[in-house]
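Residue 171 in the numbering used here sits at position 171 of the sequence shown; the count goes up by one each step and never skips.
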Amino acid sequence: MTARAISVSWIVDWTKQRIEVGRWWIWPMTGAVSGRVSSDIVKIAPALFASAPRLLGVGVFLVVGASQGNADELRVAMLDENPPWEYIAEDGAAHGFEVEIIQAVADRLDVEVSFQPLPFAQVLDEVQAGEADLAIGSISVTEERMMRFDFSQPYFRTDVVIVAPVEAALVTEGQLFGWSVGYLAGASGEDLAYQYATALGLERVQPYSQASALFDALQAGEVRAVISEFASALHFVRMEPAYEIAMRASAGRDVALAMRLGFELNEELNDILSDMKRDGTMAEIYERWFDEPPAGDTVTLVPMDIPRAQ
């Protein structure tokens with residue numbers, strides 16, 4: 001945590017921004033005050049702005065990063081049901097490929113780690129709001145997301161795929177005409193689902209908050225096919241042989257840790273990921289969750305082959 005003296009215009013602009021996002025922090029020489037914005041704070045804001053020159057005269061400092069959590073703990077927002085990436089087991093503990101990556105990183109940083117399971121649509125919001133330091137959830141790196149988050153180096157390359165019953169014999173996108181298709185809300189497949197709805201004449205597209213709920217809906221006949229990230233789809237079809245990964249819908253997406261902008265451990269975290277790739281730790285974790293060594297080397301991962309309907 002660092003403190004710095006500030007100009008009048010800076011304190012005014014900064015405080016306005018903090019009021020807008022719902023958290024404020026002021027550090028006068030007499031002590032610290034912190035809390036959620038209430039109607040009382042909104043009422044005193046004009047007086048605070050007006051008195052900024054006087055306050056600066058007695059030594060007001062704003063704490064930069066005061067809401068960034070405990071330096072001895074990594075706060076991780078995770079997708080709650082997304083095997084094999086991450087999920088909460090019956091014992092209440094977090095498990096999965098990305099969970100093990102985070103735990104290995106935390107061990108090397110010598111910090112504790114806490115996981116907060118959430119629906120995918122809320123995972124990134126939790127980081128942006130400052131309630132978590134980083135997020136996992138087979139999160140692909142996109143230009144839009146890079147404007148709101150810092151990303152680690154990628155540790156997986158995946159594809160967006162379509163899963164359907166084997167008996168449907170789905171081999172071309174055109175066959176989706178008139179179908180109902182499910183997708184994970186907030187994930188990469190969402191935009192694709194709506195593109196398909198327009199271009200291919202889908203009957204409807206249906207969002208689901210969890211990957212497990214998405215595949216449950218497919219099995220229950222609520223939708224005829226689902227759009228999914230590849231590794232989650234592969235995990236499902238291995239357990240349910242009546243379904244198959246019929247085709248690739250979008251290729252070559254990098255998966256990485258999403259961090260809040262300016263996260264102070266960004267560089268150190270990336271160095272650790274590089275070490276884990278070089279020393280074989282990443283490959284060991286990969287093989288434990290995907291039952292086979294990663295395709296290609298573990299420094300520049302390439303997508304796994306996608307089975308296709310014949």
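Note that the Cβ used here is the ideal one computed from N, Cα and C, for glycine as well.
Roughly how many whole angstroms lie between the Cα atoms of residue i and residue j?
i, j, result
"Asp80", "Glu267", "27 Å"
"Ala220", "Asp275", "44 Å"
"Ala242", "Tyr286", "26 Å"
"Met148", "Gln128", "Just to set this straight, residue 148 is Arg in the shown sequence, not Met. Those two C-alpha atoms are separated by around 7 Å."
"Glu173", "Gln195", "12 Å"
"Arg278", "Ile272", "10 Å"
"Leu200", "Phe177", "5 Å"
"Glu131", "Met282", "27 Å"
"Asp72", "Ile245", "42 Å"
"Ala94", "Ser152", "21 Å"
"Val123", "Ala169", "35 Å"
Once the 5 residues before and after residue i are set aside, which same chain residues still bring their CB inside 7 Å of it?
i, result
"Trp179", "Leu202, Glu203, Arg224 and Ala225"
"Ala197", "Val205"
With DSSP as the reference, please indicate the residues paired to residue i in a beta bridge.
i, result
"Asp150", "Met259"
"Gly225", "With the sequence shown as reference, residue 225 is identified as Ala, and Gly is not the correct amino acid for it. DSSP lists Val181 as partners of Ala225."
"Tyr155", "Per DSSP, none; premise fails for Tyr155."
"Ala77", "Gln116 and Ala135"
"Met247", "Ile162"
For residue i, collect the residues of the same chain with a Cβ closer than 6 Å to its Cβ; drop the 5 residues on either side in sequence, then sort them by chain order.
i, result
"Val99", "Glu86"
Between the options, which has its C-alpha nearest residue i's C-alpha?
i, options, result
"Met146", "Arg288, Leu261 and Arg278", "Leu261"
"Ile162", "Ser250, Ile227, Gln103 and Gly280", "Ile227"
"Arg248", "Ala77, Ala164, Ala135 and Asp133", "Ala164"
"Gly92", "Phe115, Ile101, Leu176 and Ala104", "Phe115"
"Ala256", "Val171, Trp289, Leu74 and Val141", "Val141"
"Val181", "Val76, Arg157, Tyr208 and Arg75", "Tyr208"
"Asp159", "Asp150, Leu192 and Phe151", "Leu192"
"Glu143", "Asp291, Asp254 and Trp289", "Asp254"
"Ser138", "Ser188, Ala89, Asp150 and Ala104", "Ser188"
"Ala258", "Ala231, Ile136 and Leu269", "Ile136"
Kindly list the residues whose CB is nearer than 8 Å to the CB of residue i, restricted to its own chain and excluding five residues on each side of it in sequence; keep chain order.
i, result
"Gln210", "Leu79, Asp80, Glu81, Asn82, Pro119, Phe120 and Leu184"
Is residue i close to chain D? Criterion is C-beta to C-beta, closer than 9 Å.
i, result
"Ser250", "In the structure shown, chain D cannot be found, because there is only a single protein chain."
Under 8 Å: do the stretch 107-116 and the stretch 227-245 share three or more Cβ pairs, one atom per stretch? Contact between the stretch 107-116 and the stretch 227-245 is absent: fewer than 3 CB-CB pairs across the two stretches fall below 8 Å.
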